[in-house]
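Asks:
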Amino acid sequence: MNIFNREMRANRKSLIIWCVGILFIVGSGMAKYAALSNTGDSINKLMADMPSSLQALMGIGSLDLATVDGYFGLLYLYLVIMASIHAAMLGATMISKEERDKTAEFLFVKPISRTTVITAKLGASIVIVIVFNLVTLLSSIVFVDFFNTGDSVTAEVALLMGGMFMMQLLFLFLSAAVAAFVKNPKLSIPISTGILLSTFIMSVGIDLKSNLEGLKYVTPFKYYEAKNLLHDGGFDEGFVVLSLLLMVGSILTTYIFYRKRDLHI
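Read in order, the letters of the sequence shown are residues -4 to 260 in this note's numbering.
#1: Enumerate in chain order the residues of its own chain whose CB-to-CB distance from ALA115 is below 6 Å, with the five nearest sequence positions on each side excluded.
#2: Tell me whether LEU203 is buried or exposed, calling it buried when 16 or more other Cβ atoms sit within 10 Å of its Cβ.
#3: Looking at the structure shown, is ASP227 part of a helix, part of a strand, or coil, going by DSSP?
#4: Alpha carbon to alpha carbon, how far is ILE136 from VAL15?
#5: Report yes if the CB atom of MET159 is closer than 7 Å to the CB atom of VAL75, and no otherwise.
#6: Closer than 8 Å is the cut-off here; do at least three beta carbon pairs connect the region 219 to 233 with the region 66 to 75?
#7: With distances taken from CA atoms, which of ARG254, THR144, LEU210, MET156 is nearest LEU72?
#8: Using DSSP with H/G/I as helix, E/B as strand and the rest coil, what is TYR71?
#9: Going by C-alpha to C-alpha distance, which of ILE123, LEU165, ALA26 sits closest to PHE234?
#10: Please list the terminal residues of the continuous alpha helix (DSSP H) segment that includes GLY158.
#11: For LEU207, which residues of its own chain have a beta-carbon under 7 Å away from its beta-carbon, when the five flanking residues on both sides are left out?
#12: Less than 7 Å between the beta carbons of SER187 and ALA83, yes or no?
#13: From HIS81, LEU31, THR111, ALA119, pick the residue whose C-alpha is nearest to that of ALA5; which is it?
#14: Measuring only the C-alpha atoms, how far is PHE230 from ILE90?
#15: Could you give the first and the last residue of the continuous alpha helix (DSSP H) run that contains LYS27?
#16: For the putative contact between PHE195 and PHE216, defined by C-beta atoms under 8 Å, what is the C-beta separation to the nearest angstrom?
#17: For SER170, which residues of its own chain have a beta-carbon under 6 Å away from its beta-carbon, when the five flanking residues on both sides are left out?
#18: With DSSP as the reference, label ASN0 as helix, strand or coil.
#19: Sort VAL177, ALA150, VAL122, THR149 by Cα distance to ARG7 and report the nearest one.
#20: Which of the three DSSP states, helix, strand or coil, is assigned to ASP140?
#21: Start and end of the alpha helix (DSSP H) containing GLY315?
#22: Cα separation between ALA26 and SER147?
#23: Under 7 Å between the Cβ atoms of ALA175 and PHE252?
#24: Taking ASP227 as the reference, give the member of LEU241, VAL21, GLU151, LEU239 with the closest Cα.
#25: First and last residue of the alpha helix (DSSP H) that includes ILE184?
#26: Could you check the C-alpha separation between LYS178 and ILE107 for me, to the nearest Å?
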């Protein structure tokens, strides 16, 4: 419990900064919708005239940007990227920082096992991710309702935030596994963010080239896309199962390799 509380205190300031950042993105993003909504369907025509590569990069897809839920679906991509980066950095840092900051010796002279340490660190990371997601959810509901002039889309917003939460957990556990596996603690964050960036670029490539459709199972950014969540009204069961398998595999990898590694203290 002491390790859990220690991690929560250590990450409190950074969590506040990230939450302020996500509030700014949601607020400023929905403020732009207020201006664009006056243009009616012309915003869709404008987006349709854009190069397909730019459309794929922006995550427009088949979203109706003239509607508040369609526009928020576009904004959702940027929220997911920001949340995933935060989760990836959090997972990598939680596992590697004791070696990086030369505090491993202080931690492991205590009468506790490495399993206990990892469990407490992962538990704190999950709580931080939940808080970040709840802040995003509540701010999204408030801002979307404020600028919405039609029927309530709270259910759609909550569904998208559920998809974002799955993405957060995926990158949290994947990054923790990377940090436990690599020998150099300074490489854990670059490798984790590199994986995130590579999978995002891959998802853009899939949108551009239909013959790459089979690669959608490799990149988590295709698991919980706004256009699929909004149009299908829920999660794809196959992607949910795949996500859970990746999470379980990453958690097991974290425990196995961290318990066996030689700590550089």
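Virtual Cβ for every residue (Gly too), placed ideally from N, Cα, C.
Replies: In terms of the structure at hand:
#1: So the qualifying residues of the chain are ILE(-2), PHE(-1).
#2: Looking at its Cβ environment, which holds fewer than 16 other Cβ atoms inside 10 Å, LEU203 is exposed.
#3: helix
#4: ILE136 and VAL15 have their C-alpha atoms spaced approximately 16 Å apart.
#5: yes
#6: yes
#7: Looking at the Cα atoms, MET156 is the closest of the given residues.
#8: helix
#9: LEU165
#10: In the DSSP annotation of this structure, the continuous segment of the alpha helix (DSSP H) that includes GLY158 starts and ends at 149 to 176.
#11: GLY200, ILE201
#12: yes
#13: Answer by Cα proximity: ALA119.
#14: 30 Å
#15: LYS27 -> alpha helix (DSSP H) spans 7 to 31.
#16: 5 Å
#17: ALA83, GLY86, ALA87, SER187
#18: Taken through DSSP and simplified to helix, strand or coil, ASN0 comes out as helix.
#19: VAL122
#20: Of the three classes helix, strand and coil, the one that applies to ASP140 here is helix, per DSSP.
#21: The structure shown does not extend to residue 315, since the chain is modelled only from -4 through 260, so no value can be given for it.
#22: 17 Å
#23: Note that the C-beta distance between ALA175 and PHE252 is below 7 Å.
#24: GLU151
#25: Segment 183 to 203, the alpha helix (DSSP H) holding ILE184.
#26: LYS178 and ILE107: Cα-Cα distance of roughly 22 Å.
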